[in-house]
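Number of protein chains: 2
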Amino acid sequence: MSAPTRSRLAPGERRDQLLELGVALLADRSLDALTIDLLAEQAGISRGLLYHYFGSKQAFHVAVVRRAADDLIARTAPPPHGDPLERLHAATTAYVDYVLATYDGYVSLVRGAAGGNAELRAIYEEVRAALSDRIFDEDPEGLLVTDTPAHRMLVRGWSALTEEVVLTWAAEERAGAARLTRAELDALVVGSLPALLATAG
Amino acid sequence: MSAPTRSRLAPGERRDQLLELGVALLADRSLDALTIDLLAEQAGISRGLLYHYFGSKQAFHVAVVRRAADDLIARTAPPPHGDPLERLHAATTAYVDYVLATYDGYVSLVRGAAGGNAELRAIYEEVRAALSDRIFDEDPEGLLVTDTPAHRMLVRGWSALTEEVVLTWAAEERAGAARLTRAELDALVVGSLPALLATAG
Numbered sequence: 055m056s057a058p059t060r061s062r063l064a065p066g067e068r069r070d071q072l073l074e075l076g077v078a079l080l081a082d083r084s085l086d087a088l089t090i091d092l093l094a095e096q097a098g099i100s101r102g103l104l105y106h107y108f109g110s111k112q113a114f115h116v117a118v119v120r121r122a123a124d125d126l127i128a129r130t131a132p133p134p135h136g137d138p139l140e141r142l143h144a145a146t147t148a149y150v151d152y153v154l155a156t157y158d159g160y161v162s163l164v165r166g167a168a169g170g171n172a173e174l175r176a177i178y179e180e181v182r183a184a185l186s187d188r189i190f191d192e193d194p195e196g197l198l199v200t201d202t203p204a205h206r207m208l209v210r211g212w213s214a215l216t217e218e219v220v221l222t223w224a225a226e227e228r229a230g231a232a233r234l235t236r237a238e239l240d241a242l243v244v245g246s247l248p249a250l251l252a253t254a255g
Numbered sequence: 055m056s057a058p059t060r061s062r063l064a065p066g067e068r069r070d071q072l073l074e075l076g077v078a079l080l081a082d083r084s085l086d087a088l089t090i091d092l093l094a095e096q097a098g099i100s101r102g103l104l105y106h107y108f109g110s111k112q113a114f115h116v117a118v119v120r121r122a123a124d125d126l127i128a129r130t131a132p133p134p135h136g137d138p139l140e141r142l143h144a145a146t147t148a149y150v151d152y153v154l155a156t157y158d159g160y161v162s163l164v165r166g167a168a169g170g171n172a173e174l175r176a177i178y179e180e181v182r183a184a185l186s187d188r189i190f191d192e193d194p195e196g197l198l199v200t201d202t203p204a205h206r207m208l209v210r211g212w213s214a215l216t217e218e219v220v221l222t223w224a225a226e227e228r229a230g231a232a233r234l235t236r237a238e239l240d241a242l243v244v245g246s247l248p249a250l251l252a253t254a255g
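Chains A and B, in that order, are what the protein sequence lines are. Counting from 55, one number per residue, gives the positions in the first sequence under the working numbering. Counting from 55, one number per residue, gives the positions in the second sequence under the working numbering.
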């Protein structure tokens with residue numbers, strides 16, 4: 055960004071740009087490491103202006119995490135048509151891609167949400183609900199999953215399984231100790247859902 | 055406990071009694087609410103003596119959580135013999151019983167562990183590893199599960215699924231909004247593992 059370009063941006067656009075930068079910085083660092091100072095340095099603007107836009111470090115973090123959550127939901131939308139299992143495969147693979155590409159930030163969100171930060175927890179729960187609800191919304195004919203209490207519970211459990219398995223694999227892979235290939239990981243996660251649903255009749 | 059009985063206890067026995075009391079108090083309150091003051095009041099001894107036994111509130115919490123973790127592992131041991139699926143059912147039902155009976159303390163452990171308390175996290179990971187490893191150790195002939203990298207990953211994922219499903223059901227049940235019966239919950243969790251393992255061939 056050059057100064058003349060910046061000066062022509064409306065405040066909402068500038069704030070959007072700063073949020074995008076925050077999301078990008080969060081990909082490979084934790085929330086704790088995503089400071090106002092770092093953002094100011096990377097954006098080439100003053101700390102004072104950042105406080106003007108976001109109010110506080112906490113409010114800045116919540117805004118960045120909300121933007122990242124919206125990104126995640128958008129990027130993991132299944133293709134509009136096709137075989138139900140292929141659509142699930144595409145959406146799930148996109149989720150795995152997202153977690154792997156933003157591992158440090160993702161882990162810090164999970165920990166922040168679980169650790170008692172109420173605003174982060176609310177965003178985390180919203181994302182999980184949105185991803186789970188989508189599985190039912192995208193399948194109104196019940197080709198893959200029918201809408202029963204048992205299936206709702208299993209899809210919620212499958213979300214937790216998926217997160218655990220992907221984060222475990224990512225940690226192993228970063229340590230050079232992964233015992234499954236990426237393709238095996240994808241197949242394991244995608245294959246788990248129909249298998250679970252079949253048990254609930 | 056009467057004073058004469060207390061005075062005859064060796065220090066190790068007294069500390070054990072205090073830990074048991076701490077575990078009992080943790081069942082229906084969070085770690086934050088489990089204070090040295092509360093334990094002193096319930097045990098009828100001085101705060102000073104408790105600091106003598108445990109050193110600090112943090113050390114007291116770690117000792118209580120470790121004792122609770124040992125309890126959990128002991129109480130969820132499968133019966134020594136029998137059909138593999140029936141043994142899994144007994145162990146899993148005992149886990150569900152334990153989480154439901156100690157819901158507030160369990161949730162606070164999960165949050166404390168996820169939220170960045172390194173000692174709580176280590177205990178939590180130990181428990182999860184112990185419960186997962188036991189599924190393989192208890193089945194050396196591979197009647198239910200063979201020891202492959204994919205199965206190890208799936209059992210880890212199933213542990214996360216189980217925790218999520220049981221905590222979700224417990225929260226719903228406390229709000230009078232559970233949509234599955236306890237028997238349906240047990241069947242769903244127990245049935246999930248063989249179904250998952252079957253997908254990994």
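From the three backbone atoms N, C-alpha and C, an ideal C-beta is built for every residue, glycine too. Bear in mind the structure is a predicted one, so any value in this text is a computation, not a measurement.
For residue i, report the span of its alpha helix (DSSP H) as first-last.
| i | result |
| --- | --- |
| B:Val153 | 138 to 155 |
| A:Thr202 | Unbroken run through A:Thr202: none, as it is neither H nor E. |
| B:Pro248 | 236 to 253 |
| A:Leu75 | 65 to 81 |
| A:Gly179 | Residue 179 of chain A is actually Glu in this sequence, not Gly. Note, A:Glu179: alpha helix (DSSP H), 172 to 191. |
| B:His115 | 111 to 129 |
| B:Arg101 | 101 to 108 |
| B:Ala97 | 90 to 97 |
If you measure from the beta carbon of residue i to each beta carbon in chain A, is any gap under 9 Å?
| i | result |
| --- | --- |
| B:Ser110 | no |
| B:Ser213 | yes |
| B:Thr253 | yes |
| B:Ala81 | no |
| B:Thr222 | yes |
| B:Ser100 | no |
| B:Val164 | yes |
| B:Ala168 | yes |
| B:Gly196 | no |
| B:Leu208 | yes |
| B:Gly66 | no |
| B:Leu154 | no |
I'd like the list of long-range same chain contacts for residue i, defined as Cβ closer than 7 Å, with 5 residues on each side in sequence excluded.
| i | result |
| --- | --- |
| A:His205 | Val199, Leu251, Ala254 |
| B:Gly166 | Leu85, Leu174 |
| A:Pro133 | Arg141, Ala144 |
| A:Ala117 | Leu73, Phe108 |
| B:Glu227 | none |
By a C-beta neighbour count over all protein chains shown, 10 Å radius and 16 as the cutoff for buried, is residue i buried or exposed?
| i | result |
| --- | --- |
| A:Glu218 | buried |
| A:Gly109 | exposed |
| A:Arg233 | exposed |
| B:Leu197 | exposed |
| B:Ser100 | exposed |
| A:Thr156 | buried |
| A:Ala168 | buried |
For residue i and residue j, I'd like the C-alpha separation in whole angstroms.
| i | j | result |
| --- | --- | --- |
| B:Gly102 | B:Leu174 | 24 Å |
| B:Ala225 | B:Pro138 | 30 Å |
| A:Arg210 | A:Arg182 | 8 Å |
| B:Ala249 | A:Val153 | 26 Å |
| B:Glu67 | A:Val161 | 41 Å |
| A:Ala176 | B:Leu73 | 34 Å |
| B:Ile90 | B:Thr146 | 33 Å |
| A:Pro65 | A:Gln71 | 10 Å |
| B:Gly136 | B:Glu192 | 11 Å |
| B:Asp125 | B:Ala214 | 20 Å |
| B:Leu185 | B:Pro203 | 17 Å |
| A:Phe114 | A:Leu63 | 20 Å |
| B:Val243 | A:Tyr105 | 48 Å |
| A:Ala229 | B:Arg69 | 40 Å |
| A:Ala241 | A:Thr235 | 10 Å |
| A:Asp82 | A:Asp158 | 5 Å |
| B:Arg262 | B:Leu208 | Nothing about residue 262 of chain B can be reported from this structure: the residues present for chain B run from 55 to 255 only. |
| A:Leu79 | A:Ala87 | 9 Å |
Would you please verify whether the beta carbon of residue i is less than 9 Å from any beta carbon of chain B?
| i | result |
| --- | --- |
| A:Thr147 | no |
| A:Glu217 | yes |
| A:Pro248 | yes |
| A:Leu242 | yes |
| A:Ala204 | yes |
| A:Glu238 | yes |
| A:Gly245 | yes |
| A:Arg120 | no |
| A:Leu234 | yes |
What does a CB cutoff of less than 8 Å around residue i pick up in its chain, not counting 5 residues either side in sequence?
| i | result |
| --- | --- |
| B:Leu75 | Leu93, Gln96, Ala97 |
| B:Arg120 | Ile177 |
| B:Val164 | Tyr178, Glu217, Leu221 |
Can you list, in chain order, the residues of its chain whose CB lies under 6 Å from that of residue i, leaving out five sequence neighbours each side?
| i | result |
| --- | --- |
| B:Ala123 | Ile177, Val181 |
| A:Leu247 | Trp212 |
| B:Tyr149 | Thr130 |
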